[in-house]
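>
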Amino acid sequence: MPFDPRDFWAFLLVFSRVTALVATAPVFSSAAIPRTVKVGLAGLVSLATVPVVFPHVPTPPGDLFSLAGQIGAEAAIGALLGFLANMVFAAVQIAGTVVDTQIGFAIIHVLNPYTGQPTAAIGQFYYQFALTLFLLADGHASLIGSVVGSFGVVGPGAAHFAGDVPGVLIDMMGQMFLLGFRIAVPAAAVLLVVDVSFAIVARAVPQMNVFIVGLPAKVIIGLITLSVGLPALALVLGQILPMIDTGLRAALSASR
Numbered sequence: 002m003p004f005d006p007r008d009f010w011a012f013l014l015v016f017s018r019v020t021a022l023v024a025t026a027p028v029f030s031s032a033a034i035p036r037t038v039k040v041g042l043a044g045l046v047s048l049a050t051v052p053v054v055f056p057h058v059p060t061p062p063g064d065l066f067s068l069a070g071q072i073g074a075e076a077a078i079g080a081l082l083g084f085l086a087n088m089v090f091a092a093v094q095i096a097g098t099v100v101d102t103q104i105g106f107a108i109i110h111v112l113n114p115y116t117g118q119p120t121a122a123i124g125q126f127y128y129q130f131a132l133t134l135f136l137l138a139d140g141h142a143s144l145i146g147s148v149v150g151s152f153g154v155v156g157p158g159a160a161h162f163a164g165d166v167p168g169v170l171i172d173m174m175g176q177m178f179l180l181g182f183r184i185a186v187p188a189a190a191v192l193l194v195v196d197v198s199f200a201i202v203a204r205a206v207p208q209m210n211v212f213i214v215g216l217p218a219k220v221i222i223g224l225i226t227l228s229v230g231l232p233a234l235a236l237v238l239g240q241i242l243p244m245i246d247t248g249l250r251a252a253l254s255a256s257r
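Residue numbers for the sequence shown follow my numbering, beginning at 2 and rising by one.
(1) Could you tell me the distance, in whole angstroms, from the CA atom of residue 6 to the CA atom of residue 150?
(2) Below 6 Å CB to CB, which residues in the same chain sit around residue 71 once its five sequence neighbours on both sides are set aside?
(3) Roughly how many whole angstroms lie between the Cα atoms of residue 100 and residue 254?
(4) Take the Cβ of residue 81 as the centre, count every other Cβ of all protein chains shown within 10 Å, and call the residue buried at 16 or more, exposed below.
(5) Should residue 94 go down as buried or exposed, given a rule of 16 or more other Cβ atoms within 10 Å for buried?
(6) Nearest to residue 134 by alpha carbon, out of 232, 216, 250 and 30?
(7) For residue 60, which three-state DSSP category applies?
(8) Is the segment 155-170 close to the segment 233-240, with three or more CB pairs under 8 Å?
(9) If we ignore side chains and look at the alpha-carbon of each, how far apart do residue 123 and residue 179 end up?
(10) So within the segment 83-165, which uninterrupted beta strand (DSSP E) runs reach at least 3 residues, ignoring any that extend past its ends?
(11) Between the Cα of residue 192 and those of 40, 22 and 105, spot the shortest distance and give me the residue it belongs to.
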């Protein structure tokens with residue numbers, strides 16, 4: 002059977018979009034996953050997707066600049082989808098950082114194996130808790146399904162980014178901060194009341210060393226608040242998958 006350049010071109014377009022998503026999306030972009038596994042996963046997904054999208058693949062361009070431009074556009078779509086999904090998890094980590102600052106854990110940092118960056122204890126707990134719920138809800142499979150389904154909205158080589166992509170990013174950022182606020186506010190509010198209480202005690206009883214007494218009390222009260230609020234936290238984090246799905250749909254609409 003003679004070699005058809007259009008077959009390789011179809012695979013290259015699909016592979017560019019899928020690889021960009023794998024390199025930027027939560028779970029798949031984890032530093033704990035070897036690069037060979039990431040490339041292999043992207044290759045397998047691309048091979049399975051090519052027969053479906055092949056009838057819609059355009060003719061390979063005749064010049065190098067057009068070829069590089071179409072590959073870059075495909076990679077940009079995949080990276081946009083992965084970046085939007087990661088923004089939600091960034092909100093979770095920011096919320097944890099706020100609580101860490103309030104409780105006094107901000108000075109202690111441990112390596113987050115998923116991001117490869119040092120993170121405070123509560124921030125890492127929130128991040129891994131959200132990631133666990135995401136995996137239990139088959140969020141990783143949903144991301145793969147989203148990038149495969151994206152070819153039905155924006156065909157290979159058909160990306161023009163004629164929509165309001167910055168508007169989509171700004172809207173997603175607003176939802177990210179709102180999610181982070183909803184996660185952090187219960188524990189932060191309780192710890193703020195504790196701070197105010199100890200400030201009043203310090204004014205009423207100047208002989209008491211509030212710092213020595215207050216720091217262990219804040220840690221104990223903060224951990225109790227986090228433990229009691231875990232069911233509510235799970236309900237809030239349950240909105241991650243619908244939020245990601247909505248953001249990906251808006252991004253694809255803007256990429257046409």
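Note that CB positions come from ideal geometry on N, CA and C, so glycine has one too.
On the basis of the coordinates in this document:
(1) 24 Å
(2) 158
(3) 36 Å
(4) buried
(5) buried
(6) 232
(7) coil
(8) no
(9) 19 Å
(10) 110-112 and 119-121
(11) 105
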